[in-house]
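Asks: The structure follows.
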Amino acid sequence: MHIPTLIERKRDGGVLSDEEIHAVIAAFTRGDMPEYQMSSLAMAIFFRGMTPEETAALTDAMLHSGTMLAWNEHDPMRVDKHSTGGIGDKTSLVLAPLLACDGVWVPMISGRGLGITGGTLDKLESIPGFRTQLNEVEIHNVIDQVGCVMVGQTAGICPADKKLYALRDVTGTVPSIPLITASIMSKKLAEGLNRLVLDVKYGSGAFMKTEEQAHQLAQSMVTVGRALGVRSSVRLSAMNEPTGESAGNALEVAECVRCLKGEGPQDLEDIVLDLASAVAVSPRVDLQEMLRRGDAWVKFQQMVELQGGNVEALEKITSVHRAPFIAELKAPASGMLTRMDAGGLGYVILELGAGRSKAADPVDFAVGCDQIAKTGTHVHAGDVLLRVHARTKRTLDHALDVLPQHIEII
Ligand code: URA
């Protein structure tokens, strides 16, 4: 295999064979293909794209660059969801325990937030003691006992993706549909799933800005899922306002506790039930009953305990992580709330310290926004539109200064 020839072929719009793609990924994972060649190939893919067959081969090669979770023949069906991420997107924390109540297993491998979108691992790590880095034996142990586990990528899973994602992040090659598809799907398929639901978001607070782009990504991921033997379905959803009423790590855990007890908020519960019913055995109405009865709340507490988390802290998580400065932003006039821009709020929340600009940055669990009003509601002058939780007076004042430009009342 002569790597410069393959790069040139892709650069000129040609197609790489299954064998060539597997050989490239194997060489890159072993360290036999230098990063400058992989960066160049990633850029060629960015401009020229890949056929569905090439994308499936790339996903398969990345999947087999490491280990997969192994299951026994008589184990329950394994299901999961992947969300392309958004502001206040906390659905995983409710969905995984809810699905476990339905008798399926959810071996959920999640990521950290990067940029304005939050990450499931960061939210979970706001629970004191909660361990997201489990080895494969520990993962099986938690699943066996509870039916769901929520962890980060282990060292053995998809090492090719780990290396390639780090490279894409610094070479301008993240927003490529075949590269995103292979990256996401290889990690999800490494869970050894039977069914997968994809929550693909578009809008100001999402990775994909338009519905058309989201549709293309969804199509690409479903095609790869089908080619590699996992039944995959999609829910496309707008991310123009935050999901639920809070955004920020511990604030979102508090909201999930409410939702797990069947106390809403409605939009969060709706998304969870839509996604869960795409991969569950039971119909939506039964899942709703399980949620409202508090079954998922019991499962969640069991999972938290087995993963080392302090269950007592869950119901007082906003006191465990209490930001020193909390202030309300009030409606300046009465009218219909027509805009609570997710992208704008996402940047404010990132600047408050809830997210990261670089992968190694620490996150502040306490900061963010809560009591976020929903668009389409009528507000009166002086009503609370949201509350800001800040670490310093300076970051609080800055947030209160810029937030009004992302909100519209008419
Ligand atoms: N998330 C991933 O895991 N990979 C991508 O390429 C983009 C988002």
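Quick note on numbering: my numbering labels position 241 of the sequence shown as 318, and the sequence is numbered without any gaps.
We put the CB at the ideal spot given by N, CA and C, even for glycine.
Does the beta-carbon of F105 have 16 or more other beta-carbons within 10 angstroms, so that it is buried, or is it exposed?
Replies: buried
Asks: So, with DSSP's three-state summary, where would you put G430?
Replies: helix
Asks: Between S260 and the ligand URA, is the CB less than 7 Å from at least one heavy atom?
Replies: yes
Asks: Could you give the distance in angstroms between the alpha-carbon of E346 and the alpha-carbon of M316?
Replies: 16 Å
Asks: Please tell me whether, using a cut-off of 7 Å, the distance from the CB of K264 to the nearest non-hydrogen atom of the ligand URA is below it.
Replies: yes
Asks: Let's test the definition: count the other Cβ atoms within 10 Å of the Cβ of K407 and tell me whether it reaches 16, buried, or not, exposed.
Replies: exposed
Asks: Taking 7 Å as the line, does the beta carbon of G229 fall inside it for any heavy atom of the ligand URA?
Replies: no
Asks: Does at least one heavy atom of the ligand URA sit under 7 Å from the Cβ of G188?
Replies: At least one heavy atom of the ligand URA is nearer than 7 Å to the Cβ of G188, so yes.
Asks: Is the beta carbon of T395 sitting closer than 8 Å to the one on I486?
Replies: It is not a contact, given that the beta carbons lie outside the stated cut-off.
Asks: Quick check: the region 416-433 against the region 163-178, are at least 3 beta-carbon pairs closer than 8 Å?
Replies: yes
Asks: Just grab the DSSP bridge partners of V461 for me.
Replies: K407
Asks: Any chance you could list the alpha helix (DSSP H) runs of at least 4 consecutive residues sitting entirely within the region 172-212, in chain order?
Replies: Those alpha helix (DSSP H) runs which fall completely within the region 172-212 and span 4+ residues are 197-202.
Asks: In angstroms with no decimal places, state the Cα-to-Cα distance between T469 and V440.
Replies: 15 Å
Asks: Can you tell me whether Y113 is buried or exposed, with buried defined as 16 or more other CB within 10 angstroms of its CB?
Replies: exposed
Asks: From G188 to G90, what distance separates their C-alpha atoms?
Replies: 32 Å
Asks: Using 10 angstroms around the beta-carbon of G195, count the other beta-carbons present and answer buried if the total reaches 16, otherwise exposed.
Replies: buried
Asks: Can you find the residues in the same chain that come closer than 6 Å, C-beta to C-beta, to I449, ignoring five residues on each side of it along the sequence?
Replies: P319, E322, L463
Asks: From this set, P255, K264, V362, which residue's C-alpha is nearest A237's C-alpha?
Replies: K264
Asks: Quick check on P360: buried or exposed, where buried means 16 or more other Cβ atoms within 10 Å of its Cβ?
Replies: Label assigned to P360: exposed.
Asks: Can you give, in chain order, each stretch of the alpha helix (DSSP H) that sits fully within the region 127-181 and has at least 4 residues?
Replies: 129-140, 168-178
Asks: Pop quiz: D372 and C225 are said to be a contact at Cβ under 8 Å. What is the actual Cβ separation, rounded to whole angstroms?
Replies: The Cβ separation is near 12 Å, so there is no contact.
Asks: Suppose you measure from the CA of A365 to the CA of K158; what does that come to, to the nearest Å?
Replies: Note on identity: in this sequence residue 365 is Gln, with Ala being the wrong assignment. Roughly 18 Å between the two C-alpha positions.
Asks: So what does Y279 bridge to, in DSSP terms?
Replies: M285, A315
Asks: Spell out a yes or no on whether the region 134-147 and the region 227-244 are touching, meaning 3 or more CB-CB pairs, one atom from each, closer than 8 Å.
Replies: Touching, per the Cβ criterion.
Asks: Beta carbon of L135: closer than 7 Å to some heavy atom of the ligand URA?
Replies: no
Asks: What does A295 pair with, by DSSP beta-bridge criteria?
Replies: According to DSSP, which records beta bridges pairwise, A295 is partnered with nothing at all.
Asks: How far does the beta strand (DSSP E) with V307 in it reach, from first residue to last?
Replies: Element bounds for V307: n/a, residue is neither H nor E.
Asks: With the cut-off set at 8 Å, would you say T250 and S297 are in Cβ contact?
Replies: no
Asks: Using 10 angstroms around the beta-carbon of D276, count the other beta-carbons present and answer buried if the total reaches 16, otherwise exposed.
Replies: buried
Asks: Would you check whether the ligand URA has a heavy atom nearer than 7 Å to the C-beta of V301?
Replies: Placement of the Cβ of V301 at a distance of 7 Å or more from every heavy atom of the ligand URA is found.
Asks: Compute the Euclidean distance between the alpha carbons of G412 and S116, then round it to the nearest angstrom.
Replies: 51 Å
Asks: Taking a contact to mean a Cβ-Cβ separation below 8 Å, would you say M139 touches I186 in this structure?
Replies: no
Asks: Which residue from N212, D344, N149, L93 puts its Cα closest to that of D118?
Replies: In the sequence as presented, Asp is not what sits at residue 118; that position holds Leu. Checking every option, the nearest Cα to that of L118 belongs to L93.
Asks: Please classify N212 as buried or exposed, where buried requires at least 16 other C-beta atoms within 10 Å of its C-beta.
Replies: exposed
Asks: Near G126, what residues of its chain come up, given a Cβ to Cβ distance below 8 Å and the 5 sequence neighbours on each side ignored?
Replies: S253, I254, P255
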